[in-house]
Structure formats: structure tokens, C-alpha cells
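Residue numbers (numbering that gives the first Met the number 0), protein chains in the order written: chain A, 0 to 197; chain B, 0 to 197. Written out below as C-alpha cells is the structure these notes cover.
There are 2 protein chains.
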Amino acid sequence: MSLRERKKLAAWRAIRTAALQLFEERGFEAVSVEEIAAAANVSRSTFFNYFASKEAVVFDQDPEQRDHWRAIMAARPADEPLWDSLAAILVGFNELLGDRIPLQRRLKDRSPALAQSSWDVVGEQFLTDVREWTASRTPEGDTMIATLQLNMSFAAQTTAYQTWGADESFDDYLRRLKHCLHQAGTGAMSPPASTSPS
Amino acid sequence: MSLRERKKLAAWRAIRTAALQLFEERGFEAVSVEEIAAAANVSRSTFFNYFASKEAVVFDQDPEQRDHWRAIMAARPADEPLWDSLAAILVGFNELLGDRIPLQRRLKDRSPALAQSSWDVVGEQFLTDVREWTASRTPEGDTMIATLQLNMSFAAQTTAYQTWGADESFDDYLRRLKHCLHQAGTGAMSPPASTSPS
DNA sequence: CAGAATTTTGGACTGCGTGCAAATATGTAC
DNA sequence: GTACATATTTGCACGCAGTCCAAAATTCTG
Numbered sequence: 000m001s002l003r004e005r006k007k008l009a010a011w012r013a014i015r016t017a018a019l020q021l022f023e024e025r026g027f028e029a030v031s032v033e034e035i036a037a038a039a040n041v042s043r044s045t046f047f048n049y050f051a052s053k054e055a056v057v058f059d060q061d062p063e064q065r066d067h068w069r070a071i072m073a074a075r076p077a078d079e080p081l082w083d084s085l086a087a088i089l090v091g092f093n094e095l096l097g098d099r100i101p102l103q104r105r106l107k108d109r110s111p112a113l114a115q116s117s118w119d120v121v122g123e124q125f126l127t128d129v130r131e132w133t134a135s136r137t138p139e140g141d142t143m144i145a146t147l148q149l150n151m152s153f154a155a156q157t158t159a160y161q162t163w164g165a166d167e168s169f170d171d172y173l174r175r176l177k178h179c180l181h182q183a184g185t186g187a188m189s190p191p192a193s194t195s196p197s
Numbered sequence: 000m001s002l003r004e005r006k007k008l009a010a011w012r013a014i015r016t017a018a019l020q021l022f023e024e025r026g027f028e029a030v031s032v033e034e035i036a037a038a039a040n041v042s043r044s045t046f047f048n049y050f051a052s053k054e055a056v057v058f059d060q061d062p063e064q065r066d067h068w069r070a071i072m073a074a075r076p077a078d079e080p081l082w083d084s085l086a087a088i089l090v091g092f093n094e095l096l097g098d099r100i101p102l103q104r105r106l107k108d109r110s111p112a113l114a115q116s117s118w119d120v121v122g123e124q125f126l127t128d129v130r131e132w133t134a135s136r137t138p139e140g141d142t143m144i145a146t147l148q149l150n151m152s153f154a155a156q157t158t159a160y161q162t163w164g165a166d167e168s169f170d171d172y173l174r175r176l177k178h179c180l181h182q183a184g185t186g187a188m189s190p191p192a193s194t195s196p197s
């Protein structure tokens, strides 16, 4: 790893930690990009060299994390049913994010702007990667069914996130995620009536 | 309907038609709010009185439409399974939107900014209304399962939209939407292998 | 150490979205 | 219709996100 690369990574992390710190202290909207840059000892321009937008600094993942989830994807056996793979990938991804998710949650709760950022939890990069991965594992004519399963797995993820009560732990969240994935897998209308656990 | 209300509606429509016209001619990004306001014979301030953002003018629905989809929601029998209701509501909503959807599609295809607006197809208002409707029909402990079904129905909608080929008609899109809803209802992993129709 | 390649920086610029107070239009009561 | 209350429109100023570009600064290569 060359000096350049090390410095790049360091700058990326300096910006992100500075930003998150400020966001936690004063809320997303109340912090300007200028302030973030200043806190990270970088120019405003440099901030935009690393992050496409102010929101990206909340949702983008550490470059090293990216390698991890790519490994997770690559590890799925080629003959595994798509849905099972997607479920495993999403769970793995969430475990990977770990304690960063609560932070995102805290910020979102306080910020209208962040609240309706298209990307919840899963950042832009992961979305792109998992789309690509799905496409690579989908035979010619099945692209619709594959897209549907992909979107359904995200629906499960979103649901777990949305119904994550303020008093619940991260493990509770993970459990619910798995439950939602299972439920989505077996079908939305499978239970004729009340089948809500825990 | 008072004069005020009639004028309001007229202004709303004037702004939207002017905006859509300009967007079609020159693309979403290339048109400024000032230009839209000018084309609609209104001040810039007034534009923001009616639309919360430049994007909202693409996704917000005509106030009268809102009454229509509310009627659709109200018409669902109280004892119908949630999933069936949601499916019917979404189909009804899309039929209602009708030829406006292709327009949105055309704009989105040309505009990166629009492309990743959180709201695809279904605008903010419909989202809010259908959330509220769902909540009103959900017993105390079933909020997670209800949220999941809601999100899954949107996943089906999104999928139909994403896989809508440029050469396909609006009816093809509607057909695919129904198919996706059915598929999502019976479960993501139901087909062990290739089961893609048409 | 010299020159190529990449990154950082500052500065100017466009345009969205907000806030506010003055002007204008509509509704209401007499 | 005149007078007053209420709602809407308008202009103006402001902050700030995001883009572009050319000049510095830094790292890489030999």
C-alpha cells in the first residue's frame, strides 16, 4: 500500500469521523460542509473529492468494509437459490455494519433531510454491488424474478429498520431482520391471520 | 368551491403543466425554478408555496387524484386480507396515474437527479396516505407484519417499474405489476428454478 | 534531483430552499 | 359598496450545497 493510498484512506477517515462527531453533537442540518472540512483539516474542495454529497458521508462505507461484503457475496455457492443468498448477504452486511447502524439511526431520527434519503441503511455502494452480483448470478430470462427478489430482500431490511423500537438492542434488530427475511421468503400473504411473534 | 380554492387549483396546475413542459423539452436539471415560475406567470416564491421542492413538481399528484385513491382505499372491505387490499390499492393507483407514468419515466431516464429521488412513481402523498390507511387497518401487535407487507407491495411496484422495457406499453407495465404482486404474495423463494413467464 | 502524475486548494459561480415583511387579492359584515 | 379581517402573492436577502477550473502542493518514477 503506497503512501498515496495510505494518505487517501486516512483523509477519508478523518473527514468521516470529524463529520459524524459534529453531526452527533449538533445534528445533521446544523453542520455545514465547511465546518466538516475545517474539523478534518481539509479544504472544502477536498471534502467533495471524497464524498459526493453531505449525505454520502453518513451512508458511504469504509473502503475496507467494501472488501468484506464483496467476500461475503463471493462466498455464496453458485448453486444456492437466489433468495437464500440474498438473505445471507443482507444479514452478513448488517452484522458487518454492526454498531454503525445505531448511529445512523440516531442521526436520522433527528434529521428530516436524512430521514428521506433514498438509501436507508444500505449505502449507495452496497446497493450497486449487490445489484451487480445479482445480475451476474441471473440467467438471461429471469431478470424480473431476480429483481423482484432483490427488492423484496430490501423490503425486509427496510421493515426491520422501520420497526426497530428505540428501546431495542442491535441484536433485537438483527433477529427481526432475519424474521422479516424469512417471512418475505415464504410469502406476504401466507399467514391468514395474526402470526406476529415476540 | 370558493373562488380562492378554484384559483389555487388553477395555479397548481399552471405551475405543474409549465414545469413538465419545460422538463420534457430541456430535461429536469436544465430548467430552473425561476424559469418554471416565469412560464407559469407566478413568482418564484409562489412556486415554493405549492411545491416543497423542484422534484415534488414531478411526483406530487393532482389534489383531485388524491380524492380518487382515497376512495379506492376506503372501498376495500374491512375483512379483506391486508395483502389483497394493498395489491388492489396499488393496481388502482397505477391505473389512476395512467399516462403520467410514462412521462415520469422519460424524465427519470434523462435525469440523474430524478433517478435516485427516493420516491419512485408513488409520490410522497400517496405513500403517507397508504401508510396511514395500513396502520388504521392493523391490530395492535401486528404492526411489523403489516409494515412488511406494505414494503413488499412497494417492492413489487418498484420491480415492475425497473424492469419496464423502453419498448413495452403501459398495459405491459400494468400486467407486470400484477404479476409481481402475485409473486411477492406467494413468496420470494417459491419457485425452485426458472419460472419466468412472458 | 528532475519531470510526470496525482491530489489539494481556493475562488468564482449557479441554483435550491428559507424567512420575512410589504403588497395584493379574497371573504365577510354591515 | 365600504371597511375590515384573512389568506395569498411577491420581492428581496441570505445560507449553503454542489460544480468547475486553474494554480499550487504532494507523491511517484527513474
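All C-beta atoms in this analysis are idealised placements derived from N, C-alpha and C, irrespective of residue type, glycine included.
Residue i versus residue j - alpha carbon distance
i: residue 15(A); j: residue 88(A); result: 25 Å
i: residue 54(A); j: residue 58(B); result: 22 Å
i: residue 21(B); j: residue 74(A); result: 49 Å
i: residue 71(A); j: residue 148(B); result: 28 Å
i: residue 29(B); j: residue 35(A); result: 30 Å
i: residue 40(B); j: residue 104(B); result: 27 Å
i: residue 106(B); j: residue 180(B); result: 25 Å
i: residue 44(B); j: residue 18(B); result: 15 Å
i: residue 6(A); j: residue 32(B); result: 41 Å
i: residue 85(B); j: residue 101(B); result: 23 Å
i: residue 163(A); j: residue 61(A); result: 24 Å
i: residue 137(B); j: residue 83(B); result: 14 Å
i: residue 140(A); j: residue 129(A); result: 19 Å
i: residue 172(A); j: residue 125(A); result: 19 Å
i: residue 95(B); j: residue 64(B); result: 8 Å
i: residue 8(B); j: residue 50(B); result: 13 Å
i: residue 142(B); j: residue 37(A); result: 44 Å
i: residue 27(B); j: residue 165(A); result: 39 Å
i: residue 185(A); j: residue 168(B); result: 31 Å
i: residue 110(B); j: residue 174(A); result: 38 Å
i: residue 48(B); j: residue 4(B); result: 14 Å
i: residue 196(B); j: residue 146(A); result: Residue placement at residue 196(B) is poorly supported in this model, since its pLDDT is 46, which falls under 50; the coordinates are not used for a value here.
i: residue 144(A); j: residue 132(A); result: 15 Å
i: residue 25(B); j: residue 42(B); result: 21 Å
i: residue 12(B); j: residue 99(B); result: 14 Å
i: residue 127(A); j: residue 134(A); result: 11 Å
Beta carbon proximity, residue i to chain A, threshold 8 Å
i: residue 176(B); result: no
i: residue 147(B); result: yes
i: residue 82(B); result: yes
i: residue 184(B); result: yes
i: residue 142(B); result: yes
i: residue 77(B); result: no
i: residue 188(B); result: yes
i: residue 0(B); result: no
i: residue 40(B); result: no
Contact belief for residue i with residue j at Cβ below 8 Å, rounded distance in angstroms
i: residue 91(B); j: residue 68(B); result: 7 Å
i: residue 154(B); j: residue 188(A); result: Residue 154(B) to residue 188(A), Cβ: 14 Å. No contact.
i: residue 242(A); j: residue 156(A); result: For chain A, the structure presents residues 0 to 197; residue 242(A) sits outside this window and is missing.
Residue-chain proximity (residue i, chain B), Cβ-Cβ < 8 Å
i: residue 158(A); result: yes
i: residue 154(A); result: yes
i: residue 72(A); result: no
i: residue 48(A); result: no
i: residue 179(A); result: yes
Endpoints, the alpha helix (DSSP H) within which residue i is located
i: residue 11(A); result: 2-25
i: residue 63(B); result: 62-74
i: residue 127(A); result: 123-135
i: residue 91(A); result: 81-96
i: residue 53(B); result: From DSSP, residue 53(B) is part of no alpha helix (DSSP H); its letter is neither H nor E.
i: residue 40(B); result: Segment: none, residue 40(B) is in no alpha helix (DSSP H) and carries neither H nor E.
i: residue 158(A); result: 142-161
i: residue 183(B); result: 169-185
i: residue 111(B); result: 111-114
Any non-hydrogen atom of the ligand FMN closer than 7 Å to residue i Cβ
i: residue 175(A); result: Because no ligand of any kind appears in the structure shown, any question about the ligand FMN cannot be addressed here.
Problem - Contact set between the segment 87-117 of chain A and chain B, restricted to residues whose Cβ is under 8 Å from the partner - result: 115, 116 and 117
Exercise for the section: Output, in sequence order along the chain, the residues in the segment 160-171 of chain B whose CB is closer than 7 Å to any CB in chain A. Expected result: 161 and 162
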